[in-house]
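Structure, as structure tokens:
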Amino acid sequence: MIARTEAPAQRLPEWQRQAAEAVRDPDTLWALLDLPPEGLPAARAAAETFGLRVPHPYLARMRRGDPDDPLLRQVLPLGAELTPAPPGFTTDPVGDGPARAETGLLQKYHGRALLLASGACAVHCRYCFRRHYPYAEAGAGRWEAALEAIAADPSLEEVILSGGDPLSLADHRLAELVAAIEAIPHIRRLRLHTRQPVVLPARVDDNLLEWLGRTRLSTVVVWHLNHAREMDAEVAAAAGRLREAGATLLNQAVLLAGVNDSVEAQANLAAASFDAGILPYYLHTLDRVAGAAHFESGVDTAALMEGLRRRLPGYLVPRLVREEAGGAYKTPLE
Ligand SMILES: *Cc1c(COP(=O)(O)O)cnc(C)c1O
Ligand code: SF4
Numbered sequence: 001m002i003a004r005t006e007a008p009a010q011r012l013p014e015w016q017r018q019a020a021e022a023v024r025d026p027d028t029l030w031a032l033l034d035l036p037p038e039g040l041p042a043a044r045a046a047a048e049t050f051g052l053r054v055p056h057p058y059l060a061r062m063r064r065g066d067p068d069d070p071l072l073r074q075v076l077p078l079g080a081e082l083t084p085a086p087p088g089f090t091t092d093p094v095g096d097g098p099a100r101a102e103t104g105l106l107q108k109y110h111g112r113a114l115l116l117a118s119g120a121c122a123v124h125c126r127y128c129f130r131r132h133y134p135y136a137e138a139g140a141g142r143w144e145a146a147l148e149a150i151a152a153d154p155s156l157e158e159v160i161l162s163g164g165d166p167l168s169l170a171d172h173r174l175a176e177l178v179a180a181i182e183a184i185p186h187i188r189r190l191r192l193h194t195r196q197p198v199v200l201p202a203r204v205d206d207n208l209l210e211w212l213g214r215t216r217l218s219t220v221v222v223w224h225l226n227h228a229r230e231m232d233a234e235v236a237a238a239a240g241r242l243r244e245a246g247a248t249l250l251n252q253a254v255l256l257a258g259v260n261d262s263v264e265a266q267a268n269l270a271a272a273s274f275d276a277g278i279l280p281y282y283l284h285t286l287d288r289v290a291g292a293a294h295f296e297s298g299v300d301t302a303a304l305m306e307g308l309r310r311r312l313p314g315y316l317v318p319r320l321v322r323e324e325a326g327g328a329y330k331t332p333l334e
């Protein structure tokens, strides 16, 4: 049971300042990136449904004037989001609705429980299945009952902090949460699923490394990089700091039309990730979420994986998977 402590009275950490300054309206995005004006009215309409959010450090890696830039595409509101969802595209494609306990704890797989630590994200990815997720109901941020459930189940060895993005929380809150988790003797591993180091590399600061470096738990940070150009010197430095703190770094990507659905793009992503000490883990097919049908790739995934195997060492080939409601593990697609 975690006692709420007051935030220390000090200046906001740099990453929180950057998160607060993220671009949130299409007009600003259009101006900063010199985008063709004809897309703007539809972007304004789509952003009403799921807000635009792009932090400046991520925006700085995009090409100006190019609406097809693979980084921009991931965050760009389009009129296509507002067309009626094709059959099979729903608001809860992975069945989290039924799996979700009131506590914010999702337990779908043996030995691992996933805690919705925060509903917030520093970036809004247009393909995200959580674009319709009722976070307030999910109890994100209220952990007492979740911790009790974890403590009561000795079959659990691993707690996954997810969201949203768990690193949206301030470090004093994460430190409290992790202290409460590590007080449960049967928990051995702590995993973070986060996109923040990609879009806000300043997030990996001394305050974060302090609690992460001191936990007794084996720690895994699962990144979410979708394209080689998301990696730059600052992102690589953030990865280096996490590794120095003892974390194992993995990446899960989503297969996205026009972003990374080619052997070339996936091979470059794997190589760029590994140069920064991040191993490819999963390549997810798109969750069929209403509003994201334009991201569904028509690529032949068998040929894609064959191409990657021909080109890369085995340890750089991600596992192609799909998340299915009711499965005992993520469904391999090969
Ligand atoms: C993806 C996921 C996990 C983790 O699965 P791994 O195969 O261990 O990466 C755990 N719980 C839930 C609810 C998930 O969606
Ligand atoms: S949960 Fe992940 S994929 Fe979804 S909007 Fe947040 S950062 Fe993007």
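Each step along the sequence shown adds one to the number in the UniProt record's numbering, with nothing skipped, and position 270 is 270.
Cβ coordinates follow ideal geometry from the N, Cα and C atoms, glycine included.
Shorter than 7 Å, the distance from the beta carbon of residue i to the closest heavy atom of ligand 2, or not?
i           : result
residue 314 : no
residue 294 : no
residue 132 : no
residue 119 : no
residue 284 : no
residue 203 : no
residue 123 : yes
residue 227 : no
residue 195 : yes
residue 172 : no
From the DSSP output, in three-state form, read off residue i for me.
i           : result
residue 138 : Below a pLDDT of 50, predicted positions are generally treated as unreliable, and residue 138, at 46, falls in that range; no measurement from the model is reported.
residue 337 : The structure shown has nothing for residue 337, since the chain only spans 1 to 334.
residue 54  : strand
residue 282 : strand
residue 355 : Outside the modelled stretch of the chain, which goes from 1 to 334, sits residue 355, for which no answer is possible.
residue 322 : strand
residue 250 : strand
residue 77  : coil
residue 405 : This structure cannot speak to residue 405, because the chain is shown only from 1 to 334.
residue 220 : strand
residue 299 : coil
residue 70  : helix
residue 235 : helix
residue 103 : coil
Of all the options the options, which has the alpha carbon lying nearest to the alpha carbon of residue i?
i           : options            : result
residue 191 : 250, 38, 283, 226  : 250
residue 36  : 110, 297, 78       : 78
residue 360 : 293, 17, 297, 148  : Past the boundaries of the shown model lies residue 360; the chain is included only from 1 to 334, so the question cannot be answered.
residue 268 : 201, 229, 91, 235  : 229
residue 45  : 175, 183, 206, 82  : 82
residue 30  : 17, 177, 75        : 75
residue 237 : 278, 43, 259, 168  : 278
residue 125 : 110, 183, 47       : 47
residue 121 : 33, 12, 26, 50     : 50
residue 67  : 91, 87, 32, 86     : 32
residue 242 : 226, 207, 142      : 207
residue 297 : 55, 286, 290       : 286
residue 261 : 22, 73, 155, 178   : 73
residue 16  : 90, 25, 123, 88    : 123
residue 38  : 65, 234, 19        : 65
residue 316 : 325, 266, 270      : 270
residue 292 : 85, 21, 323        : 85
residue 173 : 198, 212, 200, 184 : 212
Confirm the yes/no value for this check: CB of residue i, any heavy atom of ligand 1, distance under 7 Å.
i           : result
residue 323 : yes
residue 249 : no
residue 106 : yes
residue 160 : yes
residue 114 : yes
residue 58  : no
residue 127 : no
Using only the heavy atoms of ligand 4, determine whether one of them is closer than 7 Å to the beta carbon of residue i.
i           : result
residue 163 : As far as ligands go, the structure on display features ligand 1 and ligand 2 and does not contain ligand 4.
Are any of the Cβ atoms in chain C nearer than 8 Å to that of residue i?
i           : result
residue 162 : In the structure shown, chain C cannot be found, because there is only a single protein chain.
The stretch 142-157 contacting the stretch 191-209, beta-carbon criterion three pairs below 8 Å: no
Validate contact between the stretch 157-167 and the stretch 111-124 using beta carbons, cut 8 Å, 3 pairs: yes
Ordered list of alpha helix (DSSP H) runs contained in the stretch 150-210, each at least 4 residues: 171-182, 196-199
Residue ranges of each alpha helix (DSSP H) within the stretch 6-37, 4 or longer: 14-20, 26-33
Contact the stretch 210-217 vs the stretch 251-260: 3+ CB pairs below 8 Å: no
Three or more C-beta pairs below 8 Å linking the stretch 298-305 and the stretch 53-61: no
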